[in-house]
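Before any comments, here is the structure.
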Amino acid sequence: RLSSLEILLALTFNDDAAGQLKDNSQFISNLKMLVTSSTNRHLQRVAGNLLWKLEKEETTIAKSHETSTISDITLEKYDIMLSYSHSDKDLCYRIHDCLVKDNFRVWIDRDQMHGQTMVAMATAIENSDFVFLCMSEAYKQSAYCQSEAHYAFERQCYLVPLVMKSGYRPDGWLGIIASGKIYIDFPKLGFDVAYEKLKNEIMRYRTNQTQSTSTKKSRRHGLAPKTINLSVKSDEQNLSVEEYPHCINQWTTTHVRSFLINEKLESLLPVLGNMNGRLLHETYKRCKAHWDLMFQTFKAEVAADNPEKLLTVDTYIRFLDAIEKYIPIVPNDSFKPSTSASMFCTLI
413 RLSSLEILLA LTFNDDAAGQ LKDNSQFISN LKMLVTSSTN RHLQRVAGNL LWKLEKEETT
473 IAKSHETSTI SDITLEKYDI MLSYSHSDKD LCYRIHDCLV KDNFRVWIDR DQMHGQTMVA
533 MATAIENSDF VFLCMSEAYK QSAYCQSEAH YAFERQCYLV PLVMKSGYRP DGWLGIIASG
593 KIYIDFPKLG FDVAYEKLKN EIMRYRTNQT QSTSTKKSRR HGLAPKTINL SVKSDEQNLS
653 VEEYPHCINQ WTTTHVRSFL INEKLESLLP VLGNMNGRLL HETYKRCKAH WDLMFQTFKA
713 EVAADNPEKL LTVDTYIRFL DAIEKYIPIV PNDSFKPSTS ASMFCTLI
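Add 412 to a position in the sequence shown, counting from 1, and you land on the number used in my numbering.
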């Protein structure tokens with residue numbers, strides 16, 4: 413019974429499956445009964461998580477987007493929330509202890525026994541400046557970890573991906589969420605160097621936020637900023653275009669950037685410029701399956717990189733159209749394109 417509910421929890425990330433579960437009143441009633449009367453703590457926890465995903469997550473995200481426009485400055489209860497798999501607990505606890513020693517306020521579910529875990533998780537994310545994604549294969553395979561990362565992503569939290577296992581590189585849903593962000597690789601760098609890099613990333617973000625807040629305040633009072641930094645445009649102007657293969661799955665990050673520049677989609681470089689072809693392919697599939705959600709995500713990331721930039725629907729549609737001919741044809745794929753380039757991609 414526990415395994416079945418865990419499988420259903422994983423399925424809630426599919427909109428169609430979630431909709432069918434949500435419409436099943438008997439199933440919802442049984443979940444509520446498990447939450448209130450089950451003596452099995454693990455069963456009670458999974459049932460509670462399922463209920464939150466089906467009944468509360470969407471409403472909570474919508475409310476958070478409404479309240480986020482009220483004020484540019486919020487007082488957070490925590491500096492950092494650590495999202496991790498229990499398999500990586502030793503390294504995560506060490507990171508946590510160092511952060512606390514350095515006077516950071518850190519939320520961590522150390523025993524993973526918070527009762528209504530999803531409610532506690534959502535509250536922690538809503539009240540933290542940063543969410544650290546402690547990435548590993550175990551993290552990716554956990555429906556609980558996916559729920560945490562997905563909720564933080566939807567709330568447009570500042571995510572910092574931390575690599576927990578030597579040689580690990582995220583793919584699938586985790587690769588998409590972590591794309592375009594600076595990974596801090598603890599096994600590769602060694603703990604001390606990685607931890608210093610982590611603190612530097614915190615300070616860098618807070619410095620940028622302080623400057624951004626000051627600029628917004630001056631604009632509210634009719635004051636123009638004293639200086640204009642044009643250096644952010646130089647990277648785009650100096651980028652060269654490299655010929656890229658016909659099959660997207662063979663692309664490197666350089667090929668992806670070349671594709672975006674060649675198709676006059678430079679505004680998407682902050683969102684997609686650090687992906688390789690396989691991650692871009694995964695992103696394309698998610699865009700086709702969740703058109704509106706992904707457009708809003710792209711739009712938010714472009715604005716976060718440069719508040720002066722606005723991603724238009726036209727640019728988003730051009731991106732999907734331009735990339736389609738490089739997508740391999742898969743039998744029975746409802747999204748399969750029919751271009752010669754895609755046919756070539758399939759053949760090789």
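For each residue, glycine too, the CB sits at the ideal point set by N, CA and C.
Own chain, CB closer than 6 Å to residue i, minus 5 neighbours either side, in chain order
i	result
Tyr-696	Ile-735
Phe-707	Tyr-728
Leu-677	Phe-731
Leu-417	Val-458
Ser-499	Ala-550
Pro-599	Ser-578
His-633	Because the pLDDT of His-633 is 44, which lies under 50, any placement of that residue in the model is unreliable, and the number read from its coordinates should be weighed accordingly. Hits under 6 Å: none found.
Glu-560	Ser-495, Met-533
Three-way DSSP call (helix, strand, coil) for residue i in this model
i	result
Pro-787	Residue 787 is absent from the model: the chain starts at 413 and stops at 760.
Glu-648	Confidence at Glu-648 is low in this model, with a pLDDT of 43, below 50, so the placement of that residue should be treated as unreliable; the coordinate-derived value is given next. Three-state result, Glu-648: helix.
Ile-492	strand
Trp-663	coil
Pro-764	Given a span of 413 to 760 for the chain in the structure shown, any question on residue 764 remains unanswerable.
Leu-446	helix
Leu-723	coil
Cys-546	strand
Tyr-570	strand
Ile-485	Any reading at Ile-485 must be qualified, since the residue scores a pLDDT of 34, below 50, and its modelled position is unreliable; the value itself is stated next. If DSSP states are grouped into helix, strand and coil, Ile-485 belongs with coil.
Residue i burial status per 10 Å Cβ neighbour count (16 or more: buried)
i	result
Ser-497	buried
Asp-509	exposed
Thr-727	buried
Asp-514	exposed
His-693	buried
Phe-671	buried
Asp-541	buried
Met-519	Met is not the amino acid found at residue 519; the sequence shown has Trp there. The residue in question, Trp-519, is buried, as its Cβ has 16 or more Cβ neighbours within 10 Å.
Met-445	exposed
Ile-507	buried
Val-725	exposed
Assumed close pair residue i, residue j - CB separation to whole angstroms, cut-off 8 Å
i	j	result
Pro-657	His-667	7 Å
Ala-829	Ser-449	The structure shown does not extend to residue 829, since the chain spans only 413 to 760, so no value can be given for it.
Leu-586	Tyr-551	7 Å
Gly-689	Asn-718	Wrong, their Cβ atoms sit about 25 Å apart, outside the cutoff.
Lys-611	Leu-601	Not a contact, Cβ separation roughly 13 Å.
Leu-511	Ile-492	6 Å
Val-572	Phe-544	5 Å
Same chain, Cβ closer than 8 Å to residue i, five either side skipped, listed in chain order
i	result
Gly-592	Pro-682, Val-683, Leu-684, Gly-685, Asn-686, Met-687, Glu-713
Thr-439	The amino acid at residue 439 is misidentified as Thr; the sequence shows Phe. Correct list, in chain order: Leu-433.
Arg-616	none
Glu-467	Lys-434, Ile-440
Glu-720	none
Gly-431	none
Own chain, CB closer than 7 Å to residue i, minus 5 neighbours either side, in chain order
i	result
Asp-597	Val-575, Ala-606
Closer than 9 Å to chain B by CB, residue i
i	result
Leu-433	The structure shown contains no chain B; it is built from a single protein chain.
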